[in-house]
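Numbering (the numbering used here), first residue to last: 1 to 112.
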């Protein structure tokens, strides 16, 4: 699965927006420039991109590296003083990330 495919999957399966009605390339560029107004989306977009050492949105991503890209966010959301809304969003994001890779694995097994 590519970075762009993963971001599109996440954006369409979580209850909050990551791409904010932009294509993946535009949202990522805005996140990297610090002009995307949603700090959670910015952290997700850049964290997964960097952890997978992507060079472009069509770069391949892995489950392990994608979760590594969210590690700091996940720890922060689980802190005792963390905002409950952030905790719910990060939980949903983590579950959806797992589902994206599960579905990709099933697609690959069907094709084999």
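Beta carbons are placed, not taken as given, at the ideal position from N, Cα and C, and that holds for glycine.
The structure presented is a predicted model; accordingly, all values stated were derived computationally and were not measured.
Between the alpha carbons of residue 40 and residue 46 lies a distance of about 10 Å. Straight through space, the alpha carbons of residue 76 and residue 7 are spaced by roughly 21 Å.
Annotation: residue 33 to residue 96 spans about 26 Å, alpha carbon to alpha carbon.
Under the three-state reduction of DSSP output, residue 62 falls in the coil class, being neither helix nor strand. C-alpha of residue 88 to C-alpha of residue 109: approximately 32 Å in a straight line.
In the displayed model, residue 35 falls within coil according to three-state DSSP, outside both helix and strand. Beta-bridge pairing by DSSP links residue 2 to 60.
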